[in-house]
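Note that my numbering gives residue 160 to position 160 of the sequence shown, counting from 1, and the numbers run on in steps of one. Here the structure is laid out as structure tokens; the discussion comes afterwards.
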Amino acid sequence: MIARGQRGGCARCRVQRPVRTWTMAYLRETGSVRRTSLSGVDLGFAALRAVVALGGVVWLLVAPVPEEVRAHFLALFVTFCLYSVALYFVLVLRPDGARRIYLAALVLDALALTAVLHLTGGVHSDFLLGFYLMVALHGFYYGWRMGLVVAVAGALLSLASDPAALDQRDWTSTAVRLAFLPLVAIWVGAFSERERRQRDRAERLNRELREAWEHAQKVQDRLRQADRLTASGKVAAQLAHQIKNPLGSISLNVEMLQNELGSPGAAASEETLDLLRSIQTELDLLTELTQNYLSFARLPRL
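Written out as structure tokens, the structure is:
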């Protein structure tokens with residue numbers, strides 16, 4: 001018989017699954033997330049309505065009430081069942097409109113409960129406990145403000161079901177019964193908001209931990225890349241060092257060959273000497289390149 005917001009949730013990673021589920025449930029309660037299917041809480045409230053309907057059947061069978069009153073109760077019971085089925089039929093078709101549907105259910109439930117109170121003794125009826133249940137659930141799911149609105153509406157409807165209640169001598173009993181409605185709303189609503197704040201803090205901490213984990217992963221990837229580059233640099237430096245020594249020997253031999261072929265009386269052609277000079281030039285370039293690379297490899301790391 002009680003309206004509620006949308007609940008449910010989803011999780012994107014195993015680390016944040018519980019907290020994200022709570023947060024998504026809270027957003028759905030406040031209508032901030034579009035739903036596409038019924039949640040487990042929707043089914044739970046459907047089961048609660050089924051229990052209320054079953055309790056109504058049992059009460060009609062065993063309660064010693066006049067036949068005229070029993071007939072009115074039967075009409076209310078049938079009406080309750082019909083609009084409950086209709087509301088959940090609409091909810092199945094339009095799960096994204098759950099907030100409006102449950103608010104409509106709240107109005108219908110309050111009117112039905114007022115009629116029951118009118119038939120069973122007004123504010124002194126045991127069915128007044130139904131308003132306590134409505135106040136508690138709405139205070140929990142919508143916050144203490146909504147719970148307080150339901151409490152005030154419940155108190156006014158209770159008095160409307162029995163206008164003579166305040167004229168009786170035991171009006172203090174009536175006042176005490178109705179005064180507990182806003183107290184329940186405020187207490188349950190405050191508890192609910194405290195729980196939501198804790199969930200928000202947990203979600204914030206979980207988000208920070210996830211960001212820190214992602215940053216650590218990026219740093220680790222950079223370190224691995226740096227290690228690979230360092231290893232590659234060491235191999236290249238060793239290779240350059242190994243190349244430098246033969247280059248020096250080859251350059252020395254080419255220089256000696258140039259001196260020998262360029263000496264007076266040598267039978268070397270000018271073309272041969274040009275070729276040796278070209279080889280010497282290329283060797284000098286390779287030597288300079290390897291020397292520069294080795295100098296760069298010896299630079300200190302920043």
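Every residue, glycine too, gets a C-beta built ideally from N, C-alpha and C.
| Item | Value |
| --- | --- |
| Since Phe140 and Val90 should fall inside the 8 angstroms C-beta cutoff, what is the C-beta to C-beta distance between them, to a whole number of angstroms? | That belief does not hold up - the Cβ atoms of Phe140 and Val90 are roughly 24 angstroms apart, past 8 angstroms. |
| Go ahead and pull the three-state DSSP assignment for Ala63. | coil |
| I need the DSSP call for Arg301, collapsed to helix, strand or coil. | Unreliable positioning characterises Arg301 in this predicted model, as indicated by a pLDDT of 48, which lies under 50. The coordinate reading is nonetheless provided below. Three-state result, Arg301: coil. |
| Identify whether Arg49 lies in helix, strand or coil by the three-state DSSP scheme. | helix |
| Identify which residue in Phe180, Ser84 and Leu283 has its Cα closest to the Cα of Asn253. | Leu283 |
| With Gly44 and Phe77 assumed to form a contact (beta carbons below 8 angstroms), what rounded beta-carbon distance in angstroms separates them? | Contact doesn't hold; Cβ gap of about 22 angstroms is too wide. |
| Note the first and the last residue of the continuous alpha helix (DSSP H) segment covering His241. | Trp171 to Leu261 |
| Could you give the DSSP three-state label for Leu38: helix, strand or coil? | coil |
| Report yes or no: do three or more beta-carbon pairs, one from the region 188 to 204 and one from the region 154 to 161, lie closer than 8 angstroms? | no |
| Does DSSP classify Phe89 as helix, strand or coil? | helix |
| Between which two residues does the alpha helix (DSSP H) holding Arg94 run? | First-last for Arg94: undefined, no H or E at that position. |
| Which runs of the alpha helix (DSSP H) at least 4 residues long sit entirely within the region 110 to 166? Give them in chain order. | 129 to 142 and 144 to 161 |
| Is it buried or exposed for Leu174, if we count other Cβ within 10 angstroms and need 16 for buried? | The sequence shown places Thr at residue 174, not Leu. Per the 10 Å Cβ criterion, buried. |
| Would you check whether the ligand HEM has a heavy atom nearer than 7 angstroms to the C-beta of Leu137? | The ligand HEM is absent from the structure shown, which contains no ligands of any kind. |
| Exposed or buried, Gly40, counting other C-beta atoms within 10 Å across all chains shown (16 or more means buried)? | exposed |
| Does the separation of the CB atoms of Ser251 and Gln217 fall below 8 angstroms? | no |
| What does the Cβ neighbour count give for Thr114, buried or exposed, with the cut at 16 atoms within 10 Å? | buried |
| When the Cα atoms are used, what is the spatial distance from Ser249 to Met256? | 11 angstroms |
| Could you give the C-beta distance for Ala153 and Ala110, rounded to a whole number, given that I count them as a contact under 8 angstroms? | 6 angstroms |
| Between Ile101, Leu119, Arg99 and Leu108, which has its C-alpha nearest Val65's C-alpha? | Leu119 |
| Quick one, which of Asp96, Val58, His72 and Val51 has its alpha-carbon nearest Ser84's? | Val51 |
| If distances are taken between C-alpha atoms only, which option among His241, Leu60 and Leu209 comes closest to Ser334? | Here the chain covers residues 1 to 302 and nothing more, so residue 334 does not appear. |
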